[in-house]
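Trainee: Adding 140 to a residue's 1-based position in the sequence shown gives its number in the numbering used here. All C-beta atoms in this analysis are idealised placements derived from N, C-alpha and C, irrespective of residue type, glycine included. Note that the coordinates shown come from a computational prediction; the quantities given were computed from them, not determined experimentally. Below is one structure. I have some questions about it.
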Amino acid sequence: MLATVSDSFAGGKAVECYEPYRTAPVYDTVYENVQVNPASQYVEAIPPIYGTRKRSVLMRPEQVTYEVVPAVVQTRYRTVKIAGGGYSWEWRWINGRKVLCKVKNKARYQQVAETVVVQPEYQRRIVIPAVYSYEIEQVIIQPGGSRVVNMPATYQTVARQVLVSEGTTGWKRVKIRRHCG
141 MLATVSDSFA
151 GGKAVECYEP
161 YRTAPVYDTV
171 YENVQVNPAS
181 QYVEAIPPIY
191 GTRKRSVLMR
201 PEQVTYEVVP
211 AVVQTRYRTV
221 KIAGGGYSWE
231 WRWINGRKVL
241 CKVKNKARYQ
251 QVAETVVVQP
261 EYQRRIVIPA
271 VYSYEIEQVI
281 IQPGGSRVVN
291 MPATYQTVAR
301 QVLVSEGTTG
311 WKRVKIRRHC
321 G
């Protein structure tokens, strides 16, 4: 019944429906450089710079001496044949009988030691380096003075809001079930 009243009240069934809308204004942040301090000058005193310098002083000159290095010897062994082998006769007891047998003997060898000079004795030159001492003296590295220092102006970035768009108003189409199609 309510549906029939609203249809007759509006003059028929609604085909399209609209409602008013308004968009918010749009702002943006703008950054600007602003001078905080102007440029300036001042005079700076520069003190002299002192340092030390080492100066070498000869305490003892270079010396040369000689040293005798003894010979290096080594014991080496070699095998020497001391008996050539061959045959000999000897008495043996075989099955209770005393028998003279001819026996073949092996050659006999023996180790013989020999002392060999590997490196002969020689003189070695020894150089003892010179001995130096150092004296320290104070020297001026850079003289004092003054200079003018220029201080540039200083700037700071400041942010501020600006209006980009004031916003808009208008009508937008809406769909309401069973009322607007």
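Would you list, in sequence order, the uninterrupted beta strand (DSSP E) runs of no fewer than 3 residues that lie entirely inside the region 173-205?
Mentor: Counting only runs of 3 or more, we get 180-186 and 189-200.
Trainee: DSSP three-state call for ARG248: helix, strand or coil?
Mentor: In the structure shown, ARG248 sits in a strand (DSSP, three-state: E or B).
Trainee: According to DSSP, what are the bridge partners of PRO160?
Mentor: BP columns for PRO160 point to TRP311.
Trainee: Might you give, ordered along the chain, the residues of its own chain that have their beta carbon closer than 7 Å to the beta carbon of PRO260, omitting 5 neighbours on each side?
Mentor: The residues are ALA211.
Trainee: Give me the residue from GLN263, SER273 and TYR167 with the minimum Cα distance to LYS194.
Mentor: Comparing Cα-Cα distances from LYS194 to each of GLN263, SER273 and TYR167, the minimum goes to SER273.
Trainee: What do you reckon, are the CB atoms on ILE189 and GLN282 nearer than 8 Å?
Mentor: Contact: yes.
Trainee: Please work out which residues of its chain come closer than 6 Å, Cβ to Cβ, to VAL266, disregarding the five sequence neighbours upstream and downstream, and give them in chain order.
Mentor: One point to set straight first is that residue 266 is Ile, not Val, in the sequence displayed. Cβ neighbours of ILE266 beyond the five flanking positions: THR205 and GLU207.
Trainee: For the candidate residues LYS238, ASP168 and ALA270, whose alpha-carbon lies nearest to that of PRO201?
Mentor: Answer by Cα proximity: ALA270.
Trainee: Report the three-state DSSP secondary structure of ARG318 (helix, strand or coil).
Mentor: In this structure, ARG318 counts as coil in the three-state DSSP scheme.
Trainee: Sort GLU184, GLY307 and LYS315 by Cα distance to TYR161 and report the nearest one.
Mentor: Taking only the C-alpha atoms, the option nearest TYR161 is GLY307.
Trainee: Given this structure, state the Cα-to-Cα distance separating VAL183 from ILE276, to the nearest angstrom.
Mentor: So the two alpha carbons sit approximately 35 Å from each other.
Trainee: Based on Cα-Cα distance, which residue from VAL170, ARG232, ASN290 and TYR171 lies nearest to LYS181?
Mentor: The sequence shown places Gln at residue 181, not Lys. If we check each option's Cα against that of GLN181, ASN290 comes out closest.
Trainee: Taking the Cβ atom as the reference point for each residue, do LYS312 and TYR158 lie within a distance shorter than 8 Å?
Mentor: Yes.
Trainee: So, under 8 Å CB-CB, VAL170 and VAL302 are touching, yes? Tell me the CB distance rounded to an integer number of Å.
Mentor: VAL170 to VAL302, Cβ: 5 Å. Contact.
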